[in-house]
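Q: According to my numbering, the sequence shown is numbered sequentially starting from 23.
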Amino acid sequence: MTGSTYLDFDAAQGKGMKLIRSGENPNFGLLIICGINLGMRISDLLQLTYGDLRQAEINIKEKKTGKPRTLTMNDNIQQAMQYFANENPNFKAFRSQKGSSYSTQHVNRLMKQYFSGKDISSHSLRKTFGRRVWNNYGQSENALMYLCELFNHTSNGLTRKYLGI
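Shown next, in the form of structure tokens:
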């Protein structure tokens, strides 16, 4: 399972906040921050509204697996959301300047535009989240078991391969 690679978490977090603060591409900056902090598939991430992101926690049903999942909006997301205080809570959070929802293809184009390197795609955000958890929990078997469950993988071995470990 090759495909996309992960990003440096701190660099991606910084890039997301820079895109928000500068006004260059605030919605995409928010998508980066949510992607690396929530570890969701892009199909689920693109469904989130500003109202969802303002809550401390939300429950979703994953599109691909149909399984329920609880998401916690951490400090990084809450900090980014301060810049979107006036947005309608019912609006999708990830929209182009024209107001239409991002497609996965558009997100992939933007990923290549803002991040250099080989094999960068929307999936890089989810892998970056996984790497962050793996490193924060001492690269332990417990971290792998947690990620395996979170990512709905069938084995820790698959999660290892997914994270490039």
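Virtual Cβ for every residue (Gly too), placed ideally from N, Cα, C.
All values derive from a computational prediction rather than experimental measurement.
1) For PRO48, which of helix, strand or coil comes out of DSSP?
2) With a cut-off of 8 Å, do at least 3 Cβ pairs link the segment 133 to 151 to the segment 44 to 64?
3) Whole angstroms is fine: what's the gap from ARG153's alpha carbon to GLY38's?
4) Between MET103 and ARG76, which are expected to be in contact by the criterion C-beta below 8 Å, what is the C-beta distance as a whole number of angstroms?
5) With H, G and I counted as helix, E and B as strand and the rest as coil, what does DSSP make of GLN35?
6) Figure out for me which residue from GLY73, PHE31, LYS183 has the closest Cα to the Cα of PHE113.
7) In chain order, what residues of the same chain have a beta carbon less than 6 Å from the beta carbon of ASN49, not counting five sequence neighbours either side?
8) Considering only DSSP beta bridges, list what ASN83 is partnered with.
9) Which residues in the same chain as THR92 place their Cβ atom closer than 7 Å to its Cβ, once the five residues preceding and following it in sequence are excluded?
10) On the DSSP letters alone, give me the boundaries of the alpha helix (DSSP H) that GLN100 sits inside.
11) Less than 8 Å between the C-beta atoms of ILE29 and THR150, yes or no?
12) Between which two residues does the alpha helix (DSSP H) carrying PHE151 extend?
13) Taking all protein chains shown into account, do 16 or more other C-beta atoms lie within 10 angstroms of the C-beta of MET95, making it buried, or fewer, making it exposed?
14) Leaving out five residues on either side along the sequence, give the residues of the same chain with a beta carbon under 7 Å from the beta carbon of THR87.
15) Based on the DSSP output, what are the partners of ARG117 in its beta bridges?
16) In this structure, what does DSSP give as the bridge partners for THR181?
17) For THR27, write down the residues that DSSP places opposite it in a beta bridge.
A: Looking at the coordinates:
1) Of the three classes helix, strand and coil, the one that applies to PRO48 here is helix, per DSSP.
2) Contact between the segment 133 to 151 and the segment 44 to 64 is present, because at least three Cβ pairs lie under 8 Å.
3) For ARG153 and GLY38, the gap between their C-alpha atoms comes out near 18 Å.
4) In this structure, MET103 and ARG76 form a Cβ contact; the two beta carbons are roughly 6 Å apart against a cut-off of 8 Å.
5) The answer is helix: DSSP assigns GLN35 an H, G or I state.
6) The shortest C-alpha separation from PHE113 is found at GLY73.
7) Correct list, in chain order: PHE116, ARG117.
8) Checking the sequence, you will find Lys at residue 83 rather than Asn. For LYS83, the pairing in a beta bridge is given by DSSP as PRO90.
9) Taking C-beta separations shorter than 7 Å and ignoring five residues to either side along the sequence, the partners of THR92 in its chain run GLU79, ASN81, following chain order.
10) GLN100 -> alpha helix (DSSP H) spans 97 to 103.
11) Note that residue 29 corresponds to Leu in the displayed sequence, not to Ile. In contact: LEU29 and THR150 (Cβ atoms closer than 8 Å).
12) 145 to 158 is the extent of the alpha helix (DSSP H) around PHE151.
13) Buried.
14) Annotation for THR87: ASN174 place their beta carbon closer than 7 Å to its own, counting only its chain and skipping 5 residues before and after.
15) Bridge partners of ARG117: SER123.
16) Paired residue(s): none; THR181 is not in a bridge.
17) Under DSSP, THR27 shares a beta bridge with no residue.
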